[in-house]
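Here the protein sequences come in this chain order: A and B. Its first residue numbered 1, the first sequence is counted upward by one per residue in the working numbering. Its first residue numbered 1, the second sequence is counted upward by one per residue in the working numbering. Working notes, beginning with the structure itself.
Protein chains: 2
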Amino acid sequence: MADKDNSVNIKKAPAKAERAYHHGDLRAAVIAAGLKRLAEDAGGELGLRALARDVGVSATALYRHFPDKEALLDALAEEGLRRLGALQAQAWLKAGGGRAGFKATGIAYVRFAHDEPALFRLSFTRQMPDRKTEEAGDGGEVAYNLLRAGVGEVFPDAESADAAALHAWALVHGLAMLILDRRVTWSEAMVERVVGLTFGGVD
Amino acid sequence: MADKDNSVNIKKAPAKAERAYHHGDLRAAVIAAGLKRLAEDAGGELGLRALARDVGVSATALYRHFPDKEALLDALAEEGLRRLGALQAQAWLKAGGGRAGFKATGIAYVRFAHDEPALFRLSFTRQMPDRKTEEAGDGGEVAYNLLRAGVGEVFPDAESADAAALHAWALVHGLAMLILDRRVTWSEAMVERVVGLTFGGVD
DNA sequence: CGCCATATGTTTCCATCGTAAACATCACAA
DNA sequence: TTGTGATGTTTACGATGGAAACATATGGCG
């Protein structure tokens, strides 16, 4: 019995859950508006009032769908992780898996951060203390599975697999954060070179 | 009189400004209080009012020393970078330089983030669009020099030095961020193992 | 010594924020 | 038809960052 579907159906029919009362699937509309704001306004705070205005509804209406602002941000963060995972999976497939595929997922990670800075930041800044073990996919699931698979490809030595996985993750995450915080300026070539040092230099 | 003794001497040369009027070097006191709050209250916002209350002064008094809140945070961020650099330099020396020293600076980086999460985050989140080329040391200067030196030790191959330097930085920065954001749980051993993969496994 | 410009701190005020509470409105089931 | 529960609105509150007007001490200059 799902009271919320996994992916954010922005335009299409809301299946059966969340029927249209006054607005017609406000929850999804709010999330869509939030993502748009994050994408356009990379800087600046995401305020409830502005968000509600975008959707054409008054501020406190959002509280019928989210207990508080944190919950709304959590929803946006989860969607961000889902998108990141999708992009990585796509990159992995396009490169045909293996070492090259692993490297491609790493590059996709950094590229996503560069293309959607606010969403990326939100997705990782949000801390989930002990989120009641949301039985539904955590969103970052896909990314994690790809990471393990890729590590298996590049470092068949099982002993150091854990450290290697963390190494790879930390590398791309750090590169992404340094780019977002303007400590390093984005460049396709640069990312490829740096990521290649760990992920295997196959081209 | 324990108000100006801190190592918070922002301006290397007080020259002529900032003598004691009413309060006696409020600027330094505010920065010290801000650092303390960041250290204790790791979470939560750093509000002007609370900060002013800590120092025993009324909120808008801070505006005599900082144009706005951003500037105050910038000052705190700079102090954070300075401390990080100092810790790294100390680690480098204690390890006797070389490969082991380089690795030590990497570990010190992650440890600093773990020990002072809010300050670390602040230091790197603050973006300096084009800070008028603050003639005074940028604060991160020490860290940068150590990075270059360390890379020279580990990767004498000059051709890939740039990529290697970025690689090392991204690794420790990413590890730090993942720990702060609770994606990875801190462990001395783990950090040593992961950092060792890039910084040279000398123990 | 006396005066005053200036650096410093205080009071008051305002727009904005998140959000709780009371109220209004709509769809549908009995 | 009427009631019931889900949804949206209005109003109100406390806290925020910040501007403006006011108060006060300091030190230079006569």
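Ideal placement from N, C-alpha and C gives every residue a C-beta, glycine not left out.
{"Query": "Buried versus exposed, by CB contacts within 10 Å (16 or more), B/ALA42", "Result": "exposed"}
{"Query": "Outcome for B/ALA208 when other beta-carbon atoms lying within 10 angstroms are tallied against a minimum of 16", "Result": "Residue 208 of chain B is absent from the model: chain B starts at 1 and stops at 203."}
{"Query": "Cut-off 8 Å between Cβ atoms - residues of its own chain near A/THR185, not counting five sequence neighbours on either side", "Result": "ILE179"}
{"Query": "Own chain, CB closer than 7 Å to A/ARG183, minus 5 neighbours either side, in chain order", "Result": "none"}
{"Query": "Residue-level contact to chain B via CB, A/VAL194, 7 Å cutoff", "Result": "yes"}
{"Query": "Reference B/GLY32, options B/ALA113, B/ALA149, B/ALA75, B/ALA95, closest by Cα", "Result": "Contrary to the premise, residue 32 of chain B reads as Ala rather than Gly in this sequence. The shortest Cα separation from B/ALA32 among B/ALA113, B/ALA149, B/ALA75, B/ALA95 belongs to B/ALA75."}
{"Query": "Below-7 Å beta-carbon distance, B/ASP181 vs any chain A residue", "Result": "yes"}
{"Query": "As assigned by DSSP and simplified to three states, the class of B/GLU141", "Result": "helix"}
{"Query": "Burial state of B/GLY56 (16 or more Cβ within 10 Å)", "Result": "exposed"}
{"Query": "Neighbour list for B/VAL184 in chain A, Cβ cutoff strictly below 7 Å", "Result": "LEU166"}
{"Query": "Cβ pair B/THR105, B/ALA118 closer than 7 Å", "Result": "no"}
{"Query": "Sequence-distant residues of its chain with Cβ nearer than 6 Å to B/TYR63 (five each side left out)", "Result": "none"}
{"Query": "Alpha carbon of A/SER123 to alpha carbon of B/LEU197, nearest angstrom", "Result": "27 Å"}
{"Query": "Best match in A/LEU171, A/ASP25, A/GLU141 for proximity to B/VAL194 [C-alpha to C-alpha]", "Result": "A/LEU171"}
{"Query": "Chain-order list of residues whose beta-carbon lies under 8 Å from that of B/LYS36 (same chain, five-residue window excluded)", "Result": "ASP54"}
{"Query": "Under 7 Å by beta carbon: chain B residues contacting A/GLN88", "Result": "Here the premise fails: no neighbours, minimum Cβ distance about 16 Å."}
{"Query": "Opening and closing residue of the alpha helix (DSSP H) in which B/GLN88 lies", "Result": "69 to 94"}
{"Query": "7 Å Cβ cutoff met for B/PHE102 and B/LEU84", "Result": "no"}
{"Query": "9 Å Cβ cut-off: residues of chain B touching A/ALA163", "Result": "MET190, ARG193, VAL194, GLY196, LEU197"}
{"Query": "Contact set for A/VAL204: own chain, Cβ-Cβ below 7 Å, skip 5 residues either direction", "Result": "Examination of residue 204 of chain A is not possible in this model, given that chain A is present from 1 through 203 alone."}
{"Query": "Beta carbon proximity, A/LEU171 to chain B, threshold 7 Å", "Result": "yes"}
{"Query": "Interface flag, A/GLY106 vs chain B, CB-CB below 7 Å", "Result": "no"}
{"Query": "Cβ of A/GLY174 within 7 Å of any chain B Cβ", "Result": "yes"}
{"Query": "C-alpha gap between A/ALA59 and A/ASP68, whole angstroms", "Result": "12 Å"}
{"Query": "B/PHE199 burial status per 10 Å Cβ neighbour count (16 or more: buried)", "Result": "buried"}
{"Query": "Buried or exposed (CB count within 10 angstroms, at least 16 for buried), B/ASP25", "Result": "buried"}
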